[in-house]
Structure formats: C-alpha cells, structure tokens
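Numbering (this note's numbering), first residue to last: 299 to 457.
Every residue, glycine too, gets a C-beta built ideally from N, C-alpha and C.
This report refers to the structure that appears directly beneath it.
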C-alpha cells in the first residue's frame, strides 16, 4: 500500500509538470471551462499570491526555487488529486477546483491559507500571523463568462 501511494505521488508530480507553463495551464483551463458548460458543472479557481515573499533571504542550504518547489508540493498534497495546479509565475499560482461550487472554493481557500501559514512558519521561520493572499472565484456564478475567467487567470499569472 505504501509503495502504491508513493508511486501515485510520483505519477501526479510527472503529470503536474506538463501543466507548469502558463500556456499549457491556460489550455487546460479552457478545456475545463468547456466541460463545465457542457455538463452544467461548477469550476472554481484560487489564485495564491506569494509575490510579497520574493524579498526573503534564503540561507545557503535553500534557494528561492527550492522554496517554491516545496511550497507547490505542499499545495499539491493539500488539495484533491482531481484539482489542477499551475506552476509558479512571478510568485503566483492558480488552482482549478473541478466540480466545486463557490462555497467549496471558500472552504478550500480558508484551509489552504491556514496550511500555508504553518508551512511558512516551519520552512522559513516566519511569524505565524503571516498571510498569503488567496482569491477565489467560481464559474458560472457572478455573471462570469468563460472568456472573463480565462482573462482573469491569465492576467493574474502574468501580471
């Protein structure tokens, strides 16, 4: 069973690498939006903004890339396997929450914010009151259109 879980984690990491680029992630987002429209499902997304952490001084044993790799892995294991996570771009990362209404996205947002806060405290010895900004939105609520969702995600990841 343990080997099975480790193998599954490895498979997930390999598949995750396919979607690390903004272009691939946006293509996947477009596919998920079409699926949500076709089957009348929800598609929520979270934007995690860690750009304010760019000024952190890392010791010799750690680099900024290593930090973001560990943070991305922490986020990956904190969400469902069916959720889709982008790569970091300018300190921002997007998470697609497939089949998740706005209420579920809000719950994931709160849980992830708490989890990241403790992660930061453990990894970089930050104060426990540090917060990482997380914004959640849901399609098809709030008059969102597929193109507005794509525009919001693209601008968040490239700004």
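Cβ-Cβ distances below 8 Å link residue 331 to 341, 437, 444, 447 and 448 in the same chain, with the five nearest sequence neighbours on each side left out; the list follows chain order. The beta carbon of residue 433 sits closer than 6 Å to those of 345, all from its chain and outside the five residues before and after it, given in chain order.
Taking C-beta atoms under 8 Å as the contact rule, residue 439 and residue 405 fail to qualify, at a distance of about 15 Å. Counting only the Cα atoms, residue 441 lies some 31 Å from residue 375. For residue 347, the three-state secondary structure derived from DSSP is strand.
Excluding the 5 residues flanking it on each side, residue 386 has same chain C-beta neighbours closer than 7 Å at 366 and 370, in chain order. Uninterrupted beta strand (DSSP E) stretches at least 3 residues long and entirely within the stretch 363 to 390 do not occur. For residue 333 and residue 380, the gap between their C-alpha atoms comes out near 14 Å. Looking at the DSSP output, residue 437 bridges to 341. By the 16-neighbour rule on beta-carbons within 10 angstroms, residue 319 is exposed.
By the neighbour-count criterion, in which a residue is buried when 16 or more other Cβ atoms sit within 10 angstroms of its Cβ, residue 337 is exposed. The beta carbon of residue 394 lies closer than 7 Å to those of 327, 330, 341, 343, 381 and 382 in the same chain, with the five residues before and after it left out.
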